[in-house]
Amino acid sequence: NEGDFSSGMSYVEASESTVDKQYVQEKIKRSFIHYQANTLTYTMENGNKHRISVVFQVSNNDIAFRYELAPMTVRREDRLAVVVEKEAT
2 NEGDFSSGMS
12 YVEASESTVD
22 KQYVQEKIKR
32 SFIHYQANTL
42 TYTMENGNKH
52 RISVVFQVSN
62 NDIAFRYELA
72 PMTVRREDRL
82 AVVVEKEAT
(Lines of atoms letter the chains of each structure in order from A and count residues from 1; the text may use other names and numbers.)
(Lines give C-alpha, C1' and ligand atoms only; values in the text may rest on other atoms or scores of the structure.)
Protein backbone atom coordinates (compact mmCIF):
# COMPACT_ATOMS: atom_id res chain seq x y z
CA ASN A 1 0.00 0.00 0.00
CA GLU A 2 3.06 2.31 -0.17
CA GLY A 3 3.36 2.15 -3.96
CA ASP A 4 4.56 -0.02 -6.82
CA PHE A 5 8.10 -1.29 -6.28
CA SER A 6 8.10 -3.85 -9.12
CA SER A 7 8.93 -1.62 -12.12
CA GLY A 8 10.37 1.78 -12.97
CA MET A 9 12.93 1.54 -10.18
CA SER A 10 16.17 3.54 -10.16
CA TYR A 11 19.36 3.00 -8.20
CA VAL A 12 19.99 5.30 -5.20
CA GLU A 13 22.89 3.79 -3.25
CA ALA A 14 24.48 0.63 -1.88
CA SER A 15 26.39 -0.04 1.31
CA GLU A 16 28.25 -3.03 2.70
CA SER A 17 28.85 -4.13 6.29
CA THR A 18 29.59 -7.19 8.37
CA VAL A 19 27.90 -9.06 11.20
CA ASP A 20 30.00 -10.69 13.92
CA LYS A 21 28.16 -11.92 17.00
CA GLN A 22 28.66 -14.62 19.57
CA TYR A 23 26.09 -16.17 21.87
CA VAL A 24 25.26 -19.28 23.85
CA GLN A 25 22.14 -21.29 23.16
CA GLU A 26 21.23 -24.20 25.37
CA LYS A 27 19.61 -27.46 24.21
CA ILE A 28 21.36 -27.67 20.87
CA LYS A 29 24.26 -29.81 19.75
CA ARG A 30 26.71 -26.92 19.71
CA SER A 31 25.87 -24.38 22.41
CA PHE A 32 28.50 -21.69 21.65
CA ILE A 33 27.60 -19.89 18.43
CA HIS A 34 29.92 -17.54 16.56
CA TYR A 35 27.97 -16.07 13.64
CA GLN A 36 29.71 -14.07 10.91
CA ALA A 37 28.14 -12.72 7.74
CA ASN A 38 28.48 -10.02 5.09
CA THR A 39 25.61 -7.66 4.31
CA LEU A 40 24.76 -5.56 1.28
CA THR A 41 22.01 -2.94 1.44
CA TYR A 42 20.83 -1.95 -2.04
CA THR A 43 18.50 1.08 -2.10
CA MET A 44 16.21 2.01 -4.99
CA GLU A 45 13.33 4.41 -5.55
CA ASN A 46 10.23 4.28 -7.70
CA GLY A 47 8.81 7.01 -9.94
CA ASN A 48 7.12 8.67 -6.93
CA LYS A 49 10.51 8.92 -5.13
CA HIS A 50 9.47 6.35 -2.52
CA ARG A 51 12.48 4.32 -1.45
CA ILE A 52 12.90 0.64 -0.71
CA SER A 53 16.03 -1.21 0.32
CA VAL A 54 16.84 -4.87 -0.12
CA VAL A 55 19.22 -6.11 2.57
CA PHE A 56 21.15 -9.25 1.64
CA GLN A 57 22.98 -11.21 4.35
CA VAL A 58 25.41 -13.98 3.35
CA SER A 59 27.27 -16.30 5.73
CA ASN A 60 29.17 -19.55 5.23
CA ASN A 61 25.97 -21.54 5.82
CA ASP A 62 23.12 -19.49 4.41
CA ILE A 63 21.81 -16.49 2.52
CA ALA A 64 18.83 -14.31 3.36
CA PHE A 65 17.25 -11.06 2.26
CA ARG A 66 14.61 -8.69 3.54
CA TYR A 67 12.92 -5.51 2.40
CA GLU A 68 13.12 -2.22 4.28
CA LEU A 69 10.88 0.73 3.47
CA ALA A 70 12.20 4.20 4.15
CA PRO A 71 9.97 6.47 6.28
CA MET A 72 7.65 8.63 4.23
CA THR A 73 8.22 12.36 4.58
CA VAL A 74 4.60 13.49 4.24
CA ARG A 75 2.30 12.62 7.17
CA ARG A 76 3.51 9.01 7.37
CA GLU A 77 6.14 9.30 10.13
CA ASP A 78 3.97 7.24 12.48
CA ARG A 79 3.57 4.26 10.11
CA LEU A 80 3.75 1.01 12.09
CA ALA A 81 2.99 -1.46 9.31
CA VAL A 82 2.44 -1.76 5.57
CA VAL A 83 0.38 -4.17 3.52
CA VAL A 84 2.14 -6.24 0.85
CA GLU A 85 -0.53 -6.72 -1.79
CA LYS A 86 1.64 -8.68 -4.25
CA GLU A 87 5.17 -10.02 -3.98
CA ALA A 88 7.24 -10.10 -7.19
CA THR A 89 10.59 -11.51 -6.11
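Numbering (the numbering used here), first residue to last: 2 to 90. Backbone N, C-alpha and C define an ideal beta-carbon position, used for all residues, glycine too. Being a predicted model, the structure only gives us computed values, none of them experimental.
What does the alpha-carbon distance come out to for the pair residue i and residue j?
{"i": "phenylalanine 6", "j": "alanine 82", "result": "16 angstroms"}
{"i": "glutamate 3", "j": "asparagine 39", "result": "29 angstroms"}
{"i": "tyrosine 12", "j": "isoleucine 29", "result": "42 angstroms"}
{"i": "threonine 19", "j": "glutamine 58", "result": "9 angstroms"}
{"i": "serine 32", "j": "alanine 65", "result": "23 angstroms"}
{"i": "asparagine 49", "j": "arginine 67", "result": "22 angstroms"}
{"i": "glutamine 23", "j": "asparagine 47", "result": "38 angstroms"}
Taking the continuous beta strand (DSSP E) assigned at residue i, which residues delimit it?
{"i": "arginine 52", "result": "52 to 60"}
{"i": "threonine 44", "result": "33 to 46"}
{"i": "serine 16", "result": "11 to 25"}
{"i": "isoleucine 64", "result": "64 to 70"}
Count the other CB atoms, across all protein chains shown, that sit within 10 Å of the CB of residue i; report buried if there are 16 or more and exposed otherwise.
{"i": "arginine 52", "result": "buried"}
Kindly indicate which residue of the options has the alpha-carbon position closest to the one of residue i.
{"i": "leucine 41", "options": "Gly4, Phe33, Ile34, Glu14", "result": "Glu14"}
{"i": "isoleucine 34", "options": "Met45, Asp21, Tyr43", "result": "Asp21"}
{"i": "serine 16", "options": "Glu46, Asn47, Asn61, Val55", "result": "Val55"}
{"i": "leucine 70", "options": "Val59, Ser18, Val84, Gln23", "result": "Val84"}
{"i": "tyrosine 36", "options": "Val25, Phe57, Glu88, Met45", "result": "Val25"}
{"i": "threonine 44", "options": "Glu27, Asn62, Met10", "result": "Met10"}
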